[in-house]
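Counting with mature numbering (1 follows the signal peptide of the UniProt record, and there is no 0), you get residues -23 to -1, 1 to 231 for the letters of the sequence shown.
C-beta: ideal position from N, C-alpha, C; glycine also.
Keep in mind the model is a prediction, meaning the values are calculated, not measured.
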Amino acid sequence: MKKKKLLSTVIATSLALASHLYAGEKGTEIEIIPPANSWEFGISPYAWISGIKGTSGLPGLPPASIDADFGDILDNLDFAGFLLLEANKGKFRSFLDFQYVKLGADASGPAGESLNIGVEQVRMELGMGYEIYSNDATSLTAYGAVMYNYIDNSLSGSAIAGGSYSATWVDPAIGLKLSHSFSDKWSVNLTGEYGGFGVSSDSSWQALGSIGYNINDKWALLGGYRYQSIDYSKDGFIYDVDTSGPFLGARYSF
């Protein structure tokens, strides 16, 4: 009788322990951690509240000076769209940054005459990188990229005949991206990039900084400042323009 009672006690204790190990404490869910090398994707539409400043010229026409802030651009904006796509696996990084802008802006000629310039720009940057340093809060990624550029400019004014010209070119670029997480919610990103190297454009570079806020494990808000410079000239066509301003966006991760 004592042996049966002892056996029953041992079995009951074993079942209770097994139940605790498999289910955890009451109300606790088992967390499933994805593999470290699984793919992670991100989609980030954003708005770039930018102004432009520089020089643009068409073959056979004098170069025009452009200096338009965001208010001027907004008054003459036909359409703009910006989208960043990301795909990461382990320490490998890849991205596609798409920009499209179509606008008109006031400009001035060499003698100060008033001109009007129309700009349609498509810029796509495809990059691949590798995380060269990381710890629990900070990571540094080095990357290489190719940048596709399409510019269609038109120039008109009372003192000139006017005209239009389009150009397409591809530039190489290299860059560094530094990311740091202050907490589960807040993070900061800094990116510096230089390209062109005389391959197509004389130079093409950009610098940007952003702050991110994680709403949950899927959605995040982004905000920051971006400065982008393009210096390209060929066969009398000139596009030496800086674009800069704050940007706002959202990121969906899956």
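Please report the Cβ distance between residue 132 and residue 51, rounded to the nearest whole angstrom; I am assuming they are in contact, meaning their Cβ atoms lie under 8 Å.
-> Not quite, the Cβ-Cβ distance comes to about 21 Å (not below 8 Å), so this is no contact.
Would you list, in sequence order, the uninterrupted alpha helix (DSSP H) runs of no fewer than 4 residues that lie entirely inside the region 165 to 212?
-> none
Residue 121 beta carbon less than 9 Å from that of residue 64 = no
Mind reading off the beta-carbon distance from residue 29 to residue 43? Whole number of angstroms is fine, and I expect it under 8 Å.
-> 6 Å
Cβ-Cβ separation, residue 208 to residue 177 (assumed contact under 8 Å), whole Å | Going by Cβ atoms, the distance from residue 177 to residue 208 rounds to 11 Å, so no, they are not a contact pair.
If you draw a straight line from the alpha carbon of residue 73 to that of residue 61, how long is it in whole angstroms?
-> 6 Å
In whole angstroms, what is the alpha-carbon distance linking residue 134 and residue 222?
-> Between residue 134 and residue 222, the C-alpha separation is close to 28 Å.
Report the partner residues of residue 130 according to the DSSP bridge assignment.
-> 96 and 142
Using beta-carbon positions only, say whether residue 69 and residue 106 come within less than 9 Å of one another.
-> yes
Would residue 196 pass as a contact of residue 150 if the rule is Cβ separation under 9 Å?
-> no
Runs of beta strand (DSSP E) lying entirely within the region 34 to 63, each at least 3 residues, in chain order = 41 to 45
From the DSSP output, in three-state form, read off residue 111 for me.
-> strand
Please classify residue 143: is it buried, with 16 or more other beta-carbons within 10 angstroms of its beta-carbon, or exposed?
-> exposed
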